[in-house]
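Sequences listed follow chains A and B, in order. Going from the first sequence to the working numbering is simple: count from 1 and add 89. Going from the second sequence to the working numbering is simple: count from 1 and add 116.
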Amino acid sequence: MEQFLPTKTAGWVAAGADRYFTRDNIFEYMDGAGEIYLAYDFRRLLVREYEKRAAPRIIAEIYQMSSSEDAYGIFSHDTDGQPVTLGRGAIYAAGLLRFWKDRIFVRLLAGEETAGTKAAVMALGKNIDAALPSAGKKPRLLAALPLPGLLRGSVHYFHTQVSLNAHYFLADSNLLNLSPKTEVVLARYLRSGRKVRLLLCRYADAAEAKAAFEQFNKVYLHDRSAPKLPGRVEKVERGEFVSARWNEAFLILVFEARDPRTCEALTEAVVKRVGEVFR
Amino acid sequence: MRSNKNEESVTRRDFLRGTAYGTVGLALGLNLACSEAGKDEAVAFDPVSMAKSLFKAERPVSRVVLVRDERALDADHKVNAGVVAEMIDAAVKTLSGEKETARAWQHYVRPEDKVGVKYTRCESVRVHTEQAVIDAIVARLAEAGVAKAGIRATDYGLPLKECTALINVPTIKVHPLTGIAVSLKNYINFTGRESSYHHEGSVKLGEPWLLPHVKGKTRLIIVDALRPYFGPGPQVSPVHRWDYRGILAGTDPVAIDTIGLAIAQAKRNLYKGEEWIISPPPTSIAAADTVYHLGTSDPSKIQLIRQGWEKDALV
């Protein structure tokens, strides 16, 4: 990975030895936060620091994931900031530049944001972007999101319960049977003047999706009888509506809707898109 | 196949109904017993009469002092060490009811104590306890009569067996695995099994406080709330830190964490302009109250004494 990083940029020069971390020792670098990286198929991290006289340091972190989908996934964990044209997607926020490209997630952090560090971080980002030969692809599941009403910066892609609970707590147990093989997209929509949340899960097969649907019915919707197939809408706390729909290998959940129709319309739109993308 | 564990799940619905995690639901609206302390006024503390007159509390109230000073940080977030030391002095004096700093500290340490100052410093996450906070505490311990050789300040490697007293000096940060990290989580590395206290295990964050070499030794908690973190993690983005310019002091870790949670939750809501519930729910706070009996998370039993700069106090 060191070939992606220059030894100097905009007056900043690499200082000290590069440091490498793997799945086995990532906690030495970031304590518990490493769990979020391990929830994706993280392989290796390179950390290089840059210094310049009388200027804040810049830390470059290059994360190698096993797939471009997971590079996008970890990038999507925190979406706050200003979008920047770099790599396959980039965000800048107060001295921190993050972007993803191919199987690489890049995090460039200035010790302090100044005009100089911002320019240096951007220049470093462009260097790294240029050194990465392949673009990589976004998760296919993203294409199943209907575009009308989708709120910018609201999409998170992940696999497991750890990530789900970091974004949106559903239960203290693995209610949806999520695993490293599951693909999940969490997104927010503006529908009928209200923000609603969509959780779209893709399982290995229809049986797994059906089992998750049944479990959600029983535990979350408190329905001990045989669940109504293929789905249902329920009124829950705070006058909100929640819906669940089993659709082949997919489970489609809508939360925080103002009325049943919003749940049904968004679900139908997802079912249609899933059919178009995965058939 | 569904497991029994799933059958017994605590769900988001339980959380929103307020039937799970005790009073953690206070994140949606804190109803504290607040009072204002004048800058030079020490507040006399009579927990029994306070409980009788103000609350229907079965136990005395836990007091948490919040001192804020606009001068604590400059426009570039640089710490003014002198102001921070003054804030810590003010907080400890108010908490103890003493007017003189050394006497205030003598409420919590004795000259013969071996004191461990447990701060937090994570290289990557970077919501460190500021050095100015640590230095001020170490200086005041010495002025209270504790021998310099008897004071050890560190994140990792405190000689717990030797320590007769602990001063817990955390920061406030929202955490993607435990919900919130304030004083309860600050003792996680006393166990050597940090990972076991993440995920579902975060409910056990009170456990390290009951380790044989830790139990009963925490005399004081001073929270560096100068620049808390309120974002989604996993690492810190500068846009999710803010200059709160506060110091919290107390002796009840559960009450302290409850206030820290309320501040972070209020900031998240303010930042997004809508409810942005801390996730996962910080189960450790309610469990520290009801399972480990380390203090109270009941807002009606927490007296928050606010002092100093009031703008955007959030609690």
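Note that beta-carbon positions come from the ideal geometry of N, C-alpha and C, so glycine has one too. Computed from a prediction, not measured in an experiment: that's the story for all the values here.
*asked:* Helix, strand or coil for ALA276 (chain A)? Go by DSSP, reduced to three states.
replied: In the first sequence, counting from the first residue as 1, residue 276 (chain A) sits at position 187. The answer is strand: DSSP assigns ALA276 (chain A) an E or B state.
_C-alpha gap between ASP107 (chain A) and ALA315 (chain A), whole angstroms_ = Position 18 of the first sequence, counted from the start, is the residue given in the question as residue 107 (chain A). Position 226 of the first sequence, counted from the start, is the residue given in the question as residue 315 (chain A). Cα to Cα, the separation comes out at about 57 Å.
*Using a Cβ-Cβ cut-off of 8 Å, state whether LEU221 (chain A) counts as contacting chain B.*
The residue labelled residue 221 (chain A) in the question sits at position 132 within the first sequence. Closer than 8 Å: no.
*Give the straight-line distance between the Cα atoms of TYR303 (chain B) and ILE267 (chain B), rounded to the nearest whole angstrom.*
Start at 1 with the first residue of the second sequence, and residue 303 (chain B) comes out as number 187. Start at 1 with the first residue of the second sequence, and residue 267 (chain B) comes out as number 151. So the alpha carbons of these two residues sit roughly 18 Å apart.
*Counting only runs of 4+ residues fully inside the region 312-400 of chain B, write out the alpha helix (DSSP H) ranges in chain order.*
369-388
*Mind pulling the chain B residues with CB within less than 8 Å of LEU259 (chain A)?*
By 1-based counting over the first sequence, the position of residue 259 (chain A) is 170. Under the 8 Å cutoff, chain B gives THR127 and ARG128.
*asked:* Less than 7 Å between C-beta atoms, sequence neighbours within five positions excluded: which residues of the same chain meet that for LEU430 (chain B)?
replied: Within the second sequence, numbered from 1, the residue matching residue 430 (chain B) stands at position 314. So the qualifying residues of the chain are ILE379, ALA382 and LYS383.
*Under the three-state reduction of DSSP, which class applies to GLN423 (chain B): helix, strand or coil?*
To locate residue 423 (chain B), count along the second sequence from 1; it is residue 307. Three-state result, GLN423 (chain B): strand.
*Going straight from the alpha carbon of SER119 (chain B) to that of ARG137 (chain A), what length do you get?*
Counted from its first residue, the second sequence places residue 119 (chain B) at position 3. Counted from its first residue, the first sequence places residue 137 (chain A) at position 48. Since pLDDT at SER119 (chain B) reaches only 47, below the 50 mark, its modelled position is unreliable, and the value read off the structure follows with that caveat. Those two C-alpha atoms are separated by around 45 Å.
*Spatial neighbours of GLY322 (chain B) within its chain, please: CB distance less than 7 Å, with the 5 preceding and 5 following residues excluded, ordered by chain position.*
Reading the second sequence from its first residue, position 206 is the one you call residue 322 (chain B). The answer, listed in chain order, is LEU300, SER400, ALA403, ALA404, VAL407, TYR408 and LEU410.
*asked:* Let me confirm a value: PRO286 (chain B) is counted as buried when at least 16 other C-beta atoms fall within 10 Å, else exposed. Which label applies?
replied: Looking up residue 286 (chain B) in the second sequence gives position 170. Classification for PRO286 (chain B): buried.
*Relative to the C-alpha of GLY238 (chain A), which residue among A:LEU289, A:ARG277 and A:LEU318 is closest?*
Here residue 238 (chain A) refers to the residue found at position 149 when the first sequence is read from its first residue. For GLY238 (chain A), the nearest C-alpha among the options comes from A:ARG277.
*Near ALA183 (chain A), which residues of its chain fall below 7 Å by C-beta distance, leaving aside the five closest residues on each side in sequence?*
Mapped onto the first sequence, residue 183 (chain A) falls at position 94. The residues are GLU202.
*Cβ shell of GLY295 (chain B) (< 6 Å), same chain only, five flanking positions each side left out*: Here residue 295 (chain B) corresponds to residue number 179 of the second sequence, with the count starting at 1. Excluding sequence neighbours, GLY295 (chain B) sits near ILE394, PRO396, PRO397 and PRO398.
_Under 8 Å, CB to CB, which of the residues in the region 307-327 of chain A have a partner in chain B?_
LYS307, VAL308, TYR309, VAL325, GLU326 and ARG327
*According to DSSP, which residues form a beta bridge with TRP189 (chain A)?*
Here residue 189 (chain A) refers to the residue found at position 100 of the first sequence. For TRP189 (chain A), which the question treats as bridged, DSSP gives the partners A:GLY178 and A:PHE194.
*asked:* I want to see whether chain B comes within less than 8 Å of MET119 (chain A), judged by CB atoms only; does it?
replied: On the first sequence, position 30 is the one that residue 119 (chain A) refers to. Interface residue, yes.
_CA-to-CA distance, GLY200 (chain A) to ALA99 (chain A), given in whole angstroms_ = In the first sequence, counting from the first residue as 1, residue 99 (chain A) sits at position 10. In the first sequence, counting from the first residue as 1, residue 200 (chain A) sits at position 111. Each residue's Cα considered, the two are about 16 Å apart.
*asked:* To be precise: take each residue of the region 151-176 of chain A, compare its Cβ to all Cβ atoms of chain B, and keep it if any distance is under 9 Å. Which residues remain?
replied: ILE163, HIS166, ASP167, THR168, ASP169 and GLY170
*From what residue to what residue does the alpha helix (DSSP H) around SER212 (chain B) run?*
Residue numbering aside, residue 212 (chain B) sits at position 96 when the second sequence is read from its first letter. Here the alpha helix (DSSP H) through SER212 (chain B) covers 197-212.
*For ASP192 (chain B), the nearest candidate out of B:GLY134, B:ARG361 and B:ASN385 (CA to CA)*: Position 76 of the second sequence, counted from the start, is the residue given in the question as residue 192 (chain B). Checking every option, the nearest Cα to that of ASP192 (chain B) belongs to B:ARG361.
*Answer yes or no: the CB of ALA296 (chain A) versus the heavy atoms of the ligand NAD, is any distance below 7 Å?*
For the structure depicted, the ligand NAD is absent and the ligand set is empty, with no information on it obtainable.
*Per DSSP, what kind of secondary structure is PHE258 (chain A) in: helix, strand or coil?*
Within the first sequence, residue 258 (chain A) is the residue found at index 169, counting from 1. If DSSP states are grouped into helix, strand and coil, PHE258 (chain A) belongs with coil.
*Measure the alpha-carbon distance for LEU240 (chain A) versus ASP312 (chain A) and round it to whole angstroms.*
Taking the first sequence and counting its residues from 1, one reaches residue 240 (chain A) at position 151. Taking the first sequence and counting its residues from 1, one reaches residue 312 (chain A) at position 223. So the alpha carbons of these two residues sit roughly 32 Å apart.
*Looking only at DSSP bridge pairs, what is PRO172 (chain A) linked to?*
As a first step, residue 172 (chain A) must be located in the first sequence, where it is residue number 83. In DSSP, PRO172 (chain A) forms a bridge with A:ILE180.
*Expressed to the nearest angstrom, what Euclidean distance is found between the alpha-carbon atoms of THR249 (chain A) and VAL231 (chain B)?*
By one-based count along the first sequence, residue 249 (chain A) stands at place 160. By one-based count along the second sequence, residue 231 (chain B) stands at place 115. Each residue's alpha carbon lies about 42 Å from the other.
*Pick out whichever of A:TYR257, A:ALA296, A:LYS227 and A:ARG187 has its Cα sitting closest to the Cα of PRO354 (chain B).*
As a working note, residue 354 (chain B) is residue 238 in the second sequence. Checked all of A:TYR257, A:ALA296, A:LYS227 and A:ARG187; the closest Cα to PRO354 (chain B) is A:ARG187.
_Residues in the region 229-260 of chain A having any Cβ partner in chain B nearer than 7 Å_ = VAL251, ASN254, ALA255, HIS256, TYR257, PHE258, LEU259 and ALA260
*asked:* Relative to the C-alpha of TRP325 (chain B), which candidate in B:ASP368, B:ALA220, B:GLY261 and B:GLU259 has its C-alpha closest?
replied: As a position in the second sequence, residue 325 (chain B) is number 209, starting the count at 1. Measuring from the Cα of TRP325 (chain B), the nearest candidate turns out to be B:ASP368.
*Which of helix, strand or coil DSSP assigns to CYS238 (chain B)*: Start at 1 with the first residue of the second sequence, and residue 238 (chain B) comes out as number 122. In this structure, CYS238 (chain B) counts as coil in the three-state DSSP scheme.
*Just the Cα atoms here: how many angstroms apart are ASN263 (chain A) and HIS329 (chain B)?*
What you label residue 263 (chain A) is simply residue 174 of the first sequence in a count that begins at 1. What you label residue 329 (chain B) is simply residue 213 of the second sequence in a count that begins at 1. Using only the alpha carbons, I get a separation of about 35 Å.
*Rounded to whole angstroms, what's the CA-CA distance from GLN247 (chain B) to LYS264 (chain B)? Just pull it up for me.*
Along the second sequence, one-based indexing puts residue 247 (chain B) at 131. Along the second sequence, one-based indexing puts residue 264 (chain B) at 148. If I take the Cα positions, the gap works out to 17 Å.
_Alpha-carbon to alpha-carbon, VAL274 (chain A) and SER165 (chain A)_ = If you number the first sequence from 1, residue 165 (chain A) lands on position 76. If you number the first sequence from 1, residue 274 (chain A) lands on position 185. Roughly 10 Å separates the two Cα atoms.
*Mind checking the region 322-353 of chain B against chain A and listing, in chain order, the residues whose C-beta falls within less than 7 Å of any C-beta there?*
GLY347, PRO348, GLY349, PRO350, GLN351 and SER353
*asked:* How far does the alpha helix (DSSP H) with ILE163 (chain A) in it extend, from its first residue to its last?
replied: Along the first sequence, read from residue 1 onward, the residue named residue 163 (chain A) stands at position 74. Start and end: 157-164.
*Taking the CB atoms as reference points, tell me whether ALA298 (chain A) and LEU340 (chain A) lie closer together than 8 Å.*
As a first step, residue 298 (chain A) must be located in the first sequence, where it is residue number 209. As a first step, residue 340 (chain A) must be located in the first sequence, where it is residue number 251. Yes, they are a contact pair.
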